[in-house]
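Read through the structure below, which is laid out as structure tokens, and then see the notes.
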Amino acid sequence: MTNYLSEFTKDLFEFQRNSEIIDLEPEQPEKALDISQKFQNVNRRWQVYCQALALFAFEEWLHQREPNLHINKEQSSLARLYYANVIDAVCHLRIGEFKVCLIPKTLLVDEEVTIPRAVIDLPEFAAHFYVVLGLEEELELATIQGFLNYNELMYYQSEFLVEVDWNYHLPLSYFHHESDDLLLYLQSLVSTAIPLPEIPQNRQATLATLQATLLDLLTQAHQRPLWKVLSWEQGVAVLTNEDLLYWLYNSLTKDTAFLNKHLSDLLKILTEKTINVRSWLNNQIDEVAQALSWQVLPPLTAIRTIESPLVQELRTVLAEIKRTHQFDLPDFAGRAYRDIPLQSRLRLYAVSWSLPNEENEWALLLILKVIPGHQLPYAVKLRVSDQKDILVEEELQPSSSQDYIFTCVEGSCEDKFLATITTADGEEQSLPPFEFYRAQK
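Here it is as structure tokens:
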């Protein structure tokens, strides 16, 4: 009788001989599968499954070996799947002061480790420790096959060969194989002993120079890997911008027309100077708004013996909105307006205020109105977008009984709102994004 050993069995023997075995709990592969099945990009569900399994294995190992060390995974790439959509590693993990990046590896006897270029070359993803997790998912086993710190990776960097798919392939022999050493470093080192690179301050400027190119190319990337669509320079601009990654991840569920429209809005939000509407509360206006001919109007609480026609017009419209839509508008709200140079027939009022019962929340009311004495020859639309979505699109028809449309949006102080006005004959004007600064920047 022939004593036959399959390649699978050989792999397992090698696995046991060189490594500390991590026994996965039965529910952990099921949880990893559940995470992957909810992933929108079906072509990357296997990679996401392996990432989740690597994280569960590492958590299990750390819990068994040193329960006092806790993994903070709230900001990890698996908690924000738009990162997992483009990077084959579990990044943004924290153990105390240390940043940790997990590299899943499914071919146990392979002497090479594939590491995404992004987690080494881009400061936004750099980690103090890079840990290779060998996985044998059929037997519900895993192992720590090696680790390196950031300084050591930089020492070897001159030997890295950049692949066309934005990956590096490193010999496993470069890595430390004693997992006890990793535990020792996590317990005894301070993070400053392994300095990480600073994030460049020119990311926004770089993105602005690539704006037109990305608008054309990114709509092709929702069904294809980024490296097949973008150059590395273009890829860096996308990989280092969380909002663009979020757009890319959610693009699988949107139609092309919607995608193009929101991507255009998003790139403007990310690259253009903003209007600080918070200053309106103090009857002030910032340089951006002033340069675009915005005019601040006095608050409703201000006492005026004689009101200007503009103040009277806005007061009348606001009273009508309050009455017909049960709209609660505080008297202290900041107010401003500007005329829109689309056939010189439109005026936009903007009203902003902080929400009284919500910390760091604010509201923006936009009113698009026909200037008195003019008539619309065609319909116009008012679209409002933020970093995540197109929030609303209202249309003003020439035949409407009202000569205005309005919309109100709410958000946190991290949110920016872009208003775009389009006419039926194709004219379009986007205003600089509105933002509510808590403090002057």
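The opening position of the sequence shown corresponds to residue 0 in numbering that gives the first Met the number 0, with each subsequent residue numbered one higher. Backbone N, C-alpha and C fix where the C-beta goes; we use that ideal spot for every residue, glycine too.
Requested in this report: State the Cα-Cα distance for the pair Gln-361 and Asp-242, rounded to the nearest angstrom.
Outcome: Note that residue 361 is Trp in the sequence shown here, rather than Gln. Their backbone Cα atoms lie some 20 Å apart in a straight line.
Query raised in the report: Whose C-beta lies closer than 7 Å to the C-beta of Pro-376 among residues of the same chain, with five residues either side of it excluded?
Result: Within the same chain, and ignoring the five residues on either side of Pro-376 in sequence, the residues whose Cβ sits closer than 7 Å to its Cβ are Pro-397.
Query raised in the report: So, is Ser-178 buried or exposed, given that buried needs 16 or more other C-beta atoms within 10 angstroms?
Result: The residue in question, Ser-178, is buried, as its Cβ has 16 or more Cβ neighbours within 10 Å.
Query raised in the report: With 16 as the cutoff for other CB atoms within 10 Å, does Lys-272 come out buried or exposed?
Result: Exposed, because fewer than 16 other Cβ atoms sit within 10 Å of the Cβ of Lys-272.
Query raised in the report: So with Cβ pairs under 8 Å, would you call Asp-164 a contact of chain B?
Result: Chain labels in this structure do not include chain B; a single protein chain is all it has.
Requested in this report: Please go through the same chain and pick out, in chain order, the residues whose beta-carbon is closer than 7 Å to the beta-carbon of Glu-19, but skip the five residues on each side of it.
Outcome: For Glu-19, where only same-chain residues beyond five positions count, the Cβ hits under 7 Å are Thr-142, Ile-143, Ser-178.
Requested in this report: Take Ile-302 and list the residues in its own chain whose beta-carbon comes closer than 6 Å to its own, dropping the five residues that flank it on each side.
Outcome: Legend: pLDDT at Ile-302 = 49, less than 50; position of this residue unreliable, no value from coordinates given.
Query raised in the report: Taking C-beta to C-beta, are Glu-368 and Arg-346 nearer than 8 Å?
Result: Looking at the sequence itself, residue 368 is Lys, so the reference to Glu does not match. Contact: yes.
Query raised in the report: Looking at Gly-145 and Leu-107, is the spacing between their C-beta atoms short of 8 Å?
Result: No, the pair does not count as a contact, with Cβ atoms beyond the cut-off.
Requested in this report: Could you name the residues that DSSP lists as bridge partners for Gln-428?
Outcome: Answer is Ile-420, bridged to Gln-428.
**Report entry** Local Cβ density within 10 Å of Gly-410, reported as buried at 16 or more and exposed below that
**Finding:** Sixteen is the threshold: when 16 or more other Cβ atoms of the shown chains lie within 10 Å of the Cβ of Gly-410, as they do, the residue is buried.
Query raised in the report: Under a Cβ-count criterion, where at least 16 other Cβ atoms within 10 Å of its own Cβ denotes burial, should Thr-421 be classed as buried or exposed?
Result: In summary, Thr-421 is buried, with 16 or more beta-carbon neighbours lying within 10 Å of its beta-carbon over all protein chains present.
Query - Extent of the continuous alpha helix (DSSP H) run through Trp-45 - result: First-last of the alpha helix (DSSP H) with Trp-45: 44-64.
Query raised in the report: Contact between the stretch 415-432 and the stretch 381-394: three or more CB pairs below 8 Å?
Result: Touching, yes, given that three or more Cβ pairs across the two stretches are closer than 8 Å.
Requested in this report: Assuming Leu-140 and Ile-21 form a contact by the criterion Cβ under 8 Å, report the distance between their Cβ atoms to the nearest whole angstrom.
Outcome: 7 Å between Cβ atoms; contact.
Query - the stretch 40-59 / the stretch 72-91 touching (three or more Cβ pairs under 8 Å) - result: At 8 Å Cβ cutoff, the stretches touch.
Requested in this report: Output the boundary residues of the beta strand (DSSP E) element that contains Gly-133.
Outcome: Segment 128-135, the beta strand (DSSP E) holding Gly-133.
Query - Pro-224 to Val-163 span [Cα, whole Å] - result: The alpha-carbon atoms of Pro-224 and Val-163 are separated by roughly 11 Å.
**Report entry** For Leu-363 and Thr-105, the rounded distance between their alpha carbons
**Finding:** Approximately 50 Å, taken between the alpha carbons.
Requested in this report: Report the rounded CA-to-CA distance for Val-287 versus Thr-406, giving the unit in angstroms.
Outcome: Their Cα atoms are separated by approximately 23 Å.
Requested in this report: Would you mind stating whether Leu-195 and Pro-122 have Cβ atoms separated by less than 8 Å?
Outcome: A contact, by the Cβ cut-off of 8 Å.
Requested in this report: Please state whether DSSP places Ala-288 in a helix, a strand or coil.
Outcome: Ala-288 falls in the helix class under three-state DSSP.
Query raised in the report: CB-CB under 7 Å to His-373, same chain, minus the five flanking residues each way: which ones, in chain order?
Result: Result list for His-373: Arg-344, in chain order.
Query - Selected residue, minimal CA-CA separation from Glu-26, among Ser-399, Ala-56, Gln-39 - result: When only C-alpha atoms are compared, the closest one is Ala-56.
Query raised in the report: By the 10 Å Cβ neighbour count, where 16 or more other Cβ atoms means buried, how is Asp-285 classified, buried or exposed?
Result: By the 10 Å Cβ count, Asp-285 comes out buried.
**Report entry** Test item: CB-CB of Val-316 and Arg-334 under 8 Å
**Finding:** Result no, Cβ atoms of Val-316 and Arg-334 do not sit closer than 8 Å.
Query raised in the report: Do the stretch 65-74 and the stretch 146-160 make contact, defined as three or more Cβ pairs closer than 8 Å?
Result: Result no; under three Cβ-Cβ pairs closer than 8 Å.
Query raised in the report: If you draw a straight line from the C-alpha of Ala-332 to the C-alpha of His-261, how long is it?
Result: So the alpha carbons of these two residues sit roughly 29 Å apart.
Report task. In angstroms with no decimal places, state the Cα-to-Cα distance between Val-310 and Leu-209. Result -> Between the alpha carbons of Val-310 and Leu-209 lies a gap of roughly 42 Å.
Query raised in the report: Excluding five sequence neighbours on each side, which residues of the same chain lie with their C-beta closer than 7 Å to the C-beta of Glu-426?
Result: In the same chain as Glu-426, and ignoring 5 residues on each side of it, the C-beta atoms closer than 7 Å to its own belong to Leu-341, in chain order.
Report task. Drop a sphere of 10 angstroms on the beta-carbon of Trp-98, count the other beta-carbons inside from all chains shown, and report buried for 16 or more, exposed for fewer. Result -> Per the sequence shown, residue 98 should be read as Lys rather than Trp. Classification of Lys-98: buried, given that the 10 Å Cβ count is 16 or more.
Report task. Go to Gln-203, then tell me how far its alpha helix (DSSP H) extends in each direction, as first and last residue. Result -> Start and end: 202-208.
Query - Separation of His-127 from Leu-23, as counted between CA atoms - result: Each residue's alpha carbon lies about 26 Å from the other.
Query - Straight-line Cα distance separating Asp-330 from Arg-314 - result: Computed Cα separation, rounded: 11 Å.
Query raised in the report: Excluding sequence positions up to five away, which residues of its chain have a Cβ less than 6 Å from the Cβ of Asp-87?
Result: Excluding its 5 nearest sequence neighbours in each direction, Asp-87 has C-beta neighbours in its own chain below 6 Å: Gln-46, Pro-115, listed in chain order.
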